[in-house]
Every structure is written in C-alpha cells, then in structure tokens.
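Q:
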Amino acid sequence: MIRDPLTPSTANGTTAAPFDATPGPDPFDVGRLRLPADDDADLGVRELLVTVPYRKPSKETFFRVHPDPAYRCVGGLIELKDDDAESYWVDRSLWPHLADEPTFGRRHVFTCASRQGLVFLWGCRLPGPDGKSPDWVSIPLEAAKAAESKWVKLFWDQAQRRHRIKVSAHLTDEPAWPELPLPELLRLAFRDRVVTTLDHPILQRLRGER
C-alpha cells in the first residue's frame with residue numbers, strides 16, 4: 001500500500017492522529033483571568049461583613065427586608081441632621097430620660113439588602129401613642145412589609161408630597177442575607193456610637209453643656 005507522504009505515521013508504520021494546528025487559548029490573556037462576581041462562591045470564598053450602614057433605602061434602587069422577625073427590633077435612636085448626620089444607638093434604660101429630646105425617637109429597625117448586595121439597617125418611625133399614623137409614618141412601614149417578599153423601591157414624590165412605593169414585576173431572585181445575627185449587625189452599624197450613660201458627649205452637646 002502506498003502511503004500518502006502528507007499523512008503522519010508512527011514508528012511502527014501505523015497512521016497517527018492528524019496534527020491540529022489550531023492555536024490553544026492564550027494563557028496570558030488577562031480577559032480570561034477576570035472572574036465574574038459569582039465566581040467567588042465557586043472558589044469557596046465569601047465576603048467578611050465588617051461595616052453595616054444605618055440608613056434609609058436609596059430612592060434609586062430596589063431593596064428587600066429580611067422576612068425573619070429575628071432580624072428586626074424596636075430601638076431607641078438619636079438621629080442628627082446637621083453636618084455629621086450621625087445616628088446613635090441609645091440603651092433601653094435611658095429612654096425615659098430622653099422623652100423630651102427632639103432628636104431621640106423609637107424606630108422599628110429592619111435588616112435590608114439592596115440590589116447591589118449592600119446590607120444595611122433601616123429605622124422606620126412608629127405610630128404615636130394615640131396609634132395614629134400620618135402617611136410619612138405608615139407608607140414606609142407598608143414598604144417594609146411588602147419588601148419581605150418583593151423587591152420594592154421607596155421614594156418621595158414632591159408633587160404629591162408623600163412617599164410612594166414601586167414593586168418590581170421582574171425581579172424574583174432572593175438576596176444574599178448575612179449569617180450574622182441581628183445583635184452583631186447592630187454592633188457593626190453603631191460601633192462607637194452607643195449611648196449608655198446620661199453624661200455621654202452627644203447628650204452633653206444636645207443639652208448645651210459642651
């Protein structure tokens with residue numbers, strides 16, 4: 001049998017597999033090295049939660065509220081509106097002493113997650129002692145309830161002078177909730193902004209003593 005000179009053969013005369021001249025992937029192609037955001041999970045990597053903001057949901061994004069009651073509570077907070085715009089967690093024993101302090105109030109604190117994966121705590125105002133709730137109190141609480149099972153957006157409508165709620169009809173995925181319990185999330189959110197005594201510097205400042 002006459003062998004085709006272009007067909008490769010082995011030393012014992014058998015025909016070898018044809019040589020594939022197609023170049024393989026470039027091992028130095030940096031585009032192949034960039035991992036998608038969810039590849040961290042495939043590598044057994046998870047983000048360590050080191051900060052948790054206390055804030056309102058952004059009017060620009062949809063968010064969810066943790067449906068587990070263990071991830072919400074009623075807390076007492078001092079919320080400042082000046083240049084630093086900081087919030088302070090107030091120990092339960094001090095609440096009666098701050099009843100006349102205008103920056104202090106009870107808040108229903110919810111654990112939330114944004115579409116961008118930001119975990120944050122949101123404090124909603126509660127109805128007054130008479131049980132009445134103006135729209136600016138009741139609508140955020142309604143948004144929190146809806147956000148337990150749906151992605152919602154809460155925003156202020158200047159023309160109507162009230163909050164409005166939008167619910168996404170397309171977003172069905174669940175957020176990645178933190179493994180830390182609520183007390184640890186609160187600790188991360190407030191760190192050095194915890195008021196446990198009446199001589200705390202922020203209370204002295206509010207009383208005009210410093």
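Heads up, the sequence shown is in this note's numbering, so the first residue is 1 and it goes up one at a time.
Built from N, CA and C at the ideal position, the CB exists for glycine as well.
Please report the straight-line C-alpha distance between Ser-114 and Gly-208, rounded to a whole angstrom.
A: When rounded, the distance between both Cα atoms is 38 Å.
Q: Within 10 angstroms of the Cβ of Gly-128, are there 16 or more other Cβ atoms? Answer buried if so, exposed if not.
A: Exposed, because fewer than 16 other Cβ atoms sit within 10 Å of the Cβ of Gly-128.
Q: To the nearest whole angstrom, what separates the beta carbons of Pro-178 and Leu-49, a pair I think is in contact under 8 Å?
A: With 8 Å as the limit, Pro-178 and Leu-49 qualify as a contact, their Cβ atoms being about 5 Å apart.
Q: From Asp-68 to Glu-101, what does the alpha carbon distance come to, in whole angstroms?
A: Distance between the alpha carbons of Asp-68 and Glu-101 is about 32 Å.
Q: Tell me the rounded alpha-carbon separation between Ala-99 and Leu-121.
A: Roughly 23 Å between the two C-alpha positions.
Q: Could you give the DSSP three-state label for Arg-162: helix, strand or coil?
A: The answer is strand: DSSP assigns Arg-162 an E or B state.
Q: Could you name each continuous alpha helix (DSSP H) segment of 4 residues or more that falls completely within the region 89-155, going from the start of the chain to the end?
A: Here the runs fully enclosed are 135-146.
Q: Determine contact between the region 135-148 and the region 51-68, defined as no fewer than three beta-carbon pairs at a distance below 8 Å.
A: As far as the Cβ criterion goes, the region 135-148 touches the region 51-68, which means the pair count is three or higher.
Q: Using CA atoms only, rank isn't needed, just tell me which of Val-74, Ser-168 and Val-52 is closest to Glu-184.
A: Checking every option, the nearest Cα to that of Glu-184 belongs to Val-52.
Q: Since Phe-104 and Ile-78 should fall inside the 8 Å C-beta cutoff, what is the C-beta to C-beta distance between them, to a whole number of angstroms?
A: Right, their Cβ atoms sit about 5 Å apart.
Q: What does the Cβ neighbour count give for Trp-89, buried or exposed, with the cut at 16 atoms within 10 Å?
A: Flag for Trp-89 reads buried.
Q: Would you mind giving the Cβ-Cβ distance between Val-109 and Arg-72, rounded to the nearest angstrom? I have them listed as a contact below 8 Å.
A: Confirmed, about 6 Å.
Q: Where Asp-211 and Ala-143 are concerned, what is the direct C-alpha to C-alpha distance, given to the nearest angstrom?
A: Residue 211 falls outside the range modelled here, since the chain spans only 1 to 210, and no answer is possible.
Q: Which whole-angstrom value is the C-beta distance of Thr-196 and Gln-116, which I expect to be below 8 Å?
A: Rounded, the Cβ-Cβ distance is 34 Å, inconsistent with contact.
Q: For the beta strand (DSSP E) that contains Arg-72, what are its first and last residues?
A: First-last of the beta strand (DSSP E) with Arg-72: 72-79.
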